[in-house]
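Each residue of the sequence shown is one higher than the one before, starting from 1 at the first, in this note's numbering. For glycine and all other residues, C-beta sits at the position ideal for the given N, C-alpha and C.
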Amino acid sequence: MTRMSLEELALSGVVLAAAGVSPNLFWIAQAGYATLSTLALTVLIPSAILLLAALAAARWRRQRRLVNRVVAGGVAGGLATIGLEIVRSAGFHLGQMPGSLPQLLGVLLLNRFMLGPSIWSNIAGWSYHYWNGITFGVVFAVVLGRKPLGVALGYGVFMALGFLVSPAVSAMGIGFMGTHLPGMPVTVLLAHLVYATILWRLTRRWVRDPEWLLGRRPADARSAA
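Quick look at the structure:
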């Protein structure tokens, strides 16, 4: 494997910056800095376009390693979100979650909080929810690639804690990290561990190079230098 080039590093930086935008917008909206509908138009859509443009540029420049990781991580993240949703939906129907997060995202995206959900708001909410799963998968694959399962589980715990300590949970009126509804933190943690496990399994299969993208220079290259 060749050492990482400056071009690959730059394109990887753009990919990570663009992929890291979407999961933070709900947090920003719930903190009161801007509405999610405004952020969707001014930030979410441009960041998605930037991510796709960076992928196209990487493909055009024949950065096969980066293209492989972005595509593998995106597909794996989308599929892993299905596993997350199975756990989350079970927790919701068992009364361990205060509401349907995708439905809430939809009414906030289309500015229908006072009107309630509609077919289009539900489509928007679920699309945004799955896009978040895709972008988390891209970040994982680009940065961590085929790291061991323990690393992936740590990634899942980080995601779960990031959600639990966010203003989104505080706004639900169930206490810090949802402690007034004890089943919620457990459900959130379990859902993200399932997501991380599926993500790890699929990226282990689909990411071609076994080393970290920002890994060490190969021994033969060092000795030839």
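By the Cβ criterion, the region 113-125 is not in contact with the region 148-163, since fewer than three pairs of Cβ atoms, one from each stretch, lie closer than 8 Å. Taking C-beta atoms under 8 Å as the contact rule, G95 and T187 fail to qualify, at a distance of about 10 Å.
Classified as exposed, T42 has fewer than 16 neighbouring CB atoms from the shown chains inside 10 Å of its CB. Minimum Cα-Cα distance from N132 among the listed residues L181, H192, V14, T38 corresponds to H192. Under a 10 Å Cβ-count criterion, W60 is classified as exposed, with fewer than 16 other Cβ atoms of the shown protein chains found around its own Cβ.
For A58, the CB contacts under 6 Å within the same chain, skipping 5 residues up- and downstream, are L11, L66, V67 in chain order. When rounded, the separation of the alpha-carbon atoms in V70 and M184 is 31 Å. Straight-line measurement puts the Cα of Y130 at about 17 Å from the Cα of L110. In the same chain as G32, and ignoring 5 residues on each side of it, the C-beta atoms closer than 8 Å to its own belong to P167, in chain order. V15 is positioned such that its CB atom lies no closer than 8 Å to that of A48. Contact between G74 and I28 does not hold, since their C-beta atoms are separated by about 23 Å, which reaches or exceeds 8 Å.
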